[in-house]
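Q: Sharing a structure here in C-alpha cells format.
If you want it as C-alpha cells, here you go:
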C-alpha cells in the first residue's frame, strides 16, 4: 500500500508511505483554500528604511573593538605583516539577491591564504567542566550557551562583548523561517517546510519551559523573569542557530565575532576551525581561502551540505542553485502484505526499520529507493523459495515489478504536487516587476522554496 508524502525529518511517525502489493491509498485530508494577498503586504513594504549611518557607526565601533582585542584587520602594511585581505561590507549580494553584511576581498587573494585569525579568548562559548561543577550537566551545549548569551546581553556595558552584541541582527531582522508570522508562513502551504517551522517553534518553546521548571524558577534572583523569558530565549536560540560555529578541534559550539560575517555558498569548501598557536598553549580561530579571489569578490564559507529547508529554517534564506537541495520520501512496508512479518524480521536483521526515508535531489536519486520498492512489492511469485538475504533487489529485468514501481512513484509525485496551492503561480509572481510591492520579502522567499521543491518533484515525474 502506498500513501505518498514528502518527509522532512520533523513529521510525526504516522505520516509515512506504506507500500505493499496492489494497494494505492491516498491521504484524503482536505486542503483549505489559499487566502488572497492581503493589503497589509503592501503596507509592510512601504515602511521606512533604517538609518544606514547607524549601521556604519556600529560597524566602525566593532572593527575598533576587534583591533583592541588583538584581531589583525588593518588594511595597511605594518612591520612584518601584509595588509589584511578582507573588509566588511554592510550590503552584499549573491546571484543578484541581497545577503546583508559580508566580507569582501580587499586585494587579490591566492588559494590557501589565511583569511581570518581570531584569538580564542574573544569567542563566546561555555566550559563543559564548569557546567558539571554547577550541577547542570543535564544541559546540552545550546542550552548552556543560550543562557550565557542572555546573561551577557543583560550586563550591558559591563559585558566584554557589548560592542559585538550591538552589531548582531535586531529582533525584526531575524527572519528565520520558524519566526515568520501567519501572513508569511501560509505561503508555504504544501511544503513540508511549513510543518518543520511549526515544529521547531514549538520545540524551542518546550525547551524554554523545561529550563523554566528546572533552573529559572528555582533562582529568580539570578534568573529574573524580565530577562529570562520566552521572547529572550527565542532570540538567543535564533542567534545561535544562525551564527554559532562548531569548532571541530576544540569540540565546542561557539559564537566567533567577525568570522560569523561570512555568508554561505554551497560550492565553497572553506570552513572555520581552531588551530593551536605555535609555541603556545592557546588556540586561534582561522579560515583559509579555498580558491583565488579577485579584488571586491565576496568571500564565502560553507555552513555544511544543507537543503533549502534547513537554510530557510535556521538562517532565513534559500538558494535556487543549491546542489544539496532535496525533498524526502519516506517509504514503509504495508502491514497488509502477506509477507509483512517475514520482511520486517529481515529488516531488523539488517539493522534497519520497516520504514526508510530517501532524499530525492534534482539531478539524482538513490538507487536504494528502487531496491527497497522492489523489496516491498515482491511476493511469493517473485521470491519463490529464495531466502530474502539471497534475493537480488538490483534486478531490473522483471517488467511486472518495474511497471508497478513506476506507477507508485508517479502516483507519489502527482499527489505531492496537489498539496501545493493551485491558485498561486510562483513563476508569474516572482517574475513580476511589481512583486516587491505585491508580497513581502518572506512571502517571496516562501514562493521560491515551493518553486524549488516542485521542480524536484516534476523532474522525478518526468524522468519516469
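In the UniProt record's numbering, the protein residues as written are 1 to 464.
A virtual CB, placed ideally from N, CA and C, is assigned to each residue, including glycine.
Computed from a predicted structure; not experimentally measured.
Mind checking which residues open and close the alpha helix (DSSP H) that includes residue 289?
A: Stepping through the chain shown from its first residue, residue 289 is reached at position 289. Residue 289 -> no alpha helix (DSSP H), and no H or E assigned at all.
Q: Compute the Euclidean distance between the alpha carbons of residue 356 and residue 375, then round it to the nearest angstrom.
A: Your numbering for residue 356 matches position 356 in the chain shown. Your numbering for residue 375 matches position 375 in the chain shown. Approximately 12 Å between the Cα atoms of the pair.
Q: With the cut-off set at 8 Å, would you say residue 247 and residue 263 are in Cβ contact?
A: Locating residue 247 in the chain shown gives position 247, where the first residue counts as 1. Locating residue 263 in the chain shown gives position 263, where the first residue counts as 1. Not a contact, by the Cβ cut-off of 8 Å.
Q: Based on the DSSP output, what are the partners of residue 98 in its beta bridges?
A: As a first step, residue 98 is located in the chain shown; it is residue number 98 there, counting from the start. Looking at the DSSP assignment, residue 98 forms a beta bridge with 93.
Q: If you reduce the DSSP assignment to three classes, tell me which class residue 109 lands in.
A: On the chain shown, position 109 is the one that residue 109 refers to. Residue 109: strand per DSSP, three-state reduction.
Q: Please report the straight-line C-alpha distance between residue 318 and residue 192, rounded to a whole angstrom.
A: The count along the chain shown starts at 1 and reaches residue 318 at position 318. The count along the chain shown starts at 1 and reaches residue 192 at position 192. Looking at the two C-alpha atoms, the distance is approximately 15 Å.
Q: Write down every uninterrupted run of the beta strand (DSSP E) in the region 252 to 326 whose length is 3 residues or greater and which is fully enclosed by it, in chain order.
A: Listed in chain order, they are 252 to 254, 273 to 276, 283 to 288, 298 to 301.
Q: Identify the residues that DSSP records as bridge partners of residue 245: which are they?
A: Position 245 of the chain shown, counted from the first residue, corresponds to residue 245. BP columns for residue 245 point to 254.
Q: Does DSSP classify residue 237 as helix, strand or coil?
A: Within the chain shown, the letter at position 237 stands for residue 237. It is helical.
Q: In chain order, what residues of the same chain lie with their CB nearer than 7 Å to the CB of residue 429, ignoring the 5 residues before and after it?
A: Along the chain shown, read from residue 1 onward, the residue named residue 429 stands at position 429. Around residue 429: 435, 438, 439, 447.
Q: Measuring CB to CB, does residue 313 end up less than 8 Å from residue 196?
A: Position 313 of the chain shown, counted from the first residue, corresponds to residue 313. Position 196 of the chain shown, counted from the first residue, corresponds to residue 196. Yes, Cβ-Cβ distance for residue 313 and residue 196 is below 8 Å.
Q: Identify whether residue 186 lies in helix, strand or coil by the three-state DSSP scheme.
A: Here residue 186 corresponds to residue number 186 of the chain shown, with the count starting at 1. Helix.
Q: Could you compute how far the alpha carbon of residue 119 sits from the alpha carbon of residue 126?
A: Here residue 119 is taken as the residue at index 119 of the chain shown, counted from 1. Here residue 126 is taken as the residue at index 126 of the chain shown, counted from 1. Whole-angstrom Cα-Cα distance: 16 Å.
Q: Specify the secondary structure class of residue 452 as computed by DSSP and reduced to three states.
A: The residue given as residue 452 occupies position 452 in the chain shown. Reduced to three states, the DSSP call for residue 452 is helix.
Q: If I measure Cβ to Cβ from residue 343 and keep anything under 8 Å in the same chain, skipping five residues before and after, which residues do I get?
A: Here residue 343 refers to the residue found at position 343 when the chain shown is read from its first residue. Once the five neighbours on either side are set aside, the close Cβ partners of residue 343 are 333, 337, 354, 375, 376, 388.
Q: In terms of DSSP beta bridges, what is residue 117 paired with?
A: Here residue 117 corresponds to residue number 117 of the chain shown, with the count starting at 1. BP columns for residue 117 point to 286.
Q: Within its chain, find whatever has a CB closer than 6 Å to the CB of residue 473; leave out the 5 residues flanking it on each side and keep chain order.
A: This structure leaves residue 473 out entirely; the chain is present only between 1 and 464.
Q: Give the straight-line distance between the Cα atoms of residue 457 and residue 221, rounded to the nearest whole angstrom.
A: For the purposes of this step, residue 457 is taken as residue 457 along the chain shown, with counting starting at 1. For the purposes of this step, residue 221 is taken as residue 221 along the chain shown, with counting starting at 1. Cα to Cα, residue 457 sits roughly 54 Å from residue 221.
Q: Have a look at 230, 218, 183, 285 and flag the residue whose alpha-carbon is nearest the alpha-carbon of residue 209.
A: Counting from one through the chain shown, the residue named residue 209 turns up at place 209. Taking only the C-alpha atoms, the option nearest residue 209 is 230.
Q: Taking only the alpha-carbon atoms, compute the straight-line gap between residue 33 and residue 268 and give it to the nearest angstrom.
A: One-based indexing of the chain shown puts residue 33 at position 33. One-based indexing of the chain shown puts residue 268 at position 268. Any reading at residue 33 must be qualified, since the residue scores a pLDDT of 40, below 50, and its modelled position is unreliable; the value itself is stated next. Their Cα atoms are separated by approximately 41 Å.
Q: Which parts of the region 154 to 221 are runs of the alpha helix (DSSP H), unbroken and 4 residues or longer, counting only runs that do not cross its ends?
A: Complete alpha helix (DSSP H) runs here, min 4: 162 to 167, 182 to 185, 192 to 214.
Q: Which same chain residues, not among the five before or five after residue 239, have their C-beta less than 8 Å away from its C-beta?
A: Within the chain shown, the letter at position 239 stands for residue 239. Contacts found: 149, 168, 169, 174, 255.
Q: When you compare only the Cα positions, how much space is there between residue 410 and residue 461?
A: Residue 410 sits at position 410 when you count from the first residue of the chain shown. Residue 461 sits at position 461 when you count from the first residue of the chain shown. Looking at the two C-alpha atoms, the distance is approximately 6 Å.
Q: Tell whether a beta-carbon distance below 8 Å holds between residue 62 and residue 163.
A: Along the chain shown, read from residue 1 onward, the residue named residue 62 stands at position 62. Along the chain shown, read from residue 1 onward, the residue named residue 163 stands at position 163. Going by C-beta atoms, residue 62 is nearer than 8 Å to residue 163.
Q: Where residue 251 and residue 121 are concerned, what is the direct C-alpha to C-alpha distance, given to the nearest angstrom?
A: As a position in the chain shown, residue 251 is number 251, starting the count at 1. As a position in the chain shown, residue 121 is number 121, starting the count at 1. Distance between the alpha carbons of residue 251 and residue 121 is about 16 Å.
Q: Can you name the start and end residues of the beta strand (DSSP E) that residue 358 belongs to?
A: Here residue 358 is taken as the residue at index 358 of the chain shown, counted from 1. Its beta strand (DSSP E) spans residues 355 to 361.
Q: What is the rounded straight-line gap between the Cα of residue 45 and the Cα of residue 441?
A: Mapped onto the chain shown, residue 45 falls at position 45. Mapped onto the chain shown, residue 441 falls at position 441. Note that residue 45 has pLDDT 47, beneath the 50 cutoff, so the model's placement of it is unreliable and the number below is only indicative. Approximately 8 Å between the Cα atoms of the pair.
Q: Would you call the region 280 to 287 in contact with the region 76 to 85, where contact means no fewer than 3 C-beta pairs closer than 8 Å?
A: Too few Cβ pairs lie closer than 8 Å, so no.
Q: Three-state secondary structure (DSSP) at residue 462?
A: Residue mapping note: residue 462 aligns to position 462 of the chain shown, counting from 1. Residue 462: helix per DSSP, three-state reduction.
Q: Nearest CA to the CA of residue 362: which residue from 399, 85, 451?
A: In the chain shown, counting from the first residue as 1, residue 362 sits at position 362. Ranking 399, 85, 451 by Cα distance to residue 362 puts 451 first.
Q: From residue 227 to residue 372, what does the alpha carbon distance come to, in whole angstroms?
A: Locating residue 227 in the chain shown gives position 227, counting from the first residue. Locating residue 372 in the chain shown gives position 372, counting from the first residue. Their Cα atoms are separated by approximately 52 Å.
Q: Less than 8 Å between the CB atoms is what I'm expecting for residue 72 and residue 113, so what's the real figure, rounded?
A: If you number the chain shown from 1, residue 72 lands on position 72. If you number the chain shown from 1, residue 113 lands on position 113. Not really, about 13 Å apart at Cβ, beyond 8 Å.
Q: Since I believe residue 105 is in contact with residue 299 (beta carbons under 8 Å), could you give me their beta-carbon distance rounded to a whole number of angstroms?
A: On the chain shown, residue 299 is found 299 positions in, with the first residue counted as 1. On the chain shown, residue 105 is found 105 positions in, with the first residue counted as 1. Yes, they are in contact, since the Cβ atoms of residue 299 and residue 105 sit about 6 Å apart, within 8 Å.
Q: Would you list the residues sitting across from residue 87 in a DSSP beta bridge?
A: Translated into positions along the chain shown, residue 87 becomes position 87. DSSP, once it has assigned bridges, lists 104 as partnering residue 87.
Q: Taking DSSP's pairing of strands, which residues face residue 81 in a bridge?
A: Along the chain shown, one-based indexing puts residue 81 at 81. DSSP, once it has assigned bridges, lists 78 as partnering residue 81.
Q: Across which residues does DSSP place residue 124 in a beta bridge pair?
A: Along the chain shown, read from residue 1 onward, the residue named residue 124 stands at position 124. Answer is 255.
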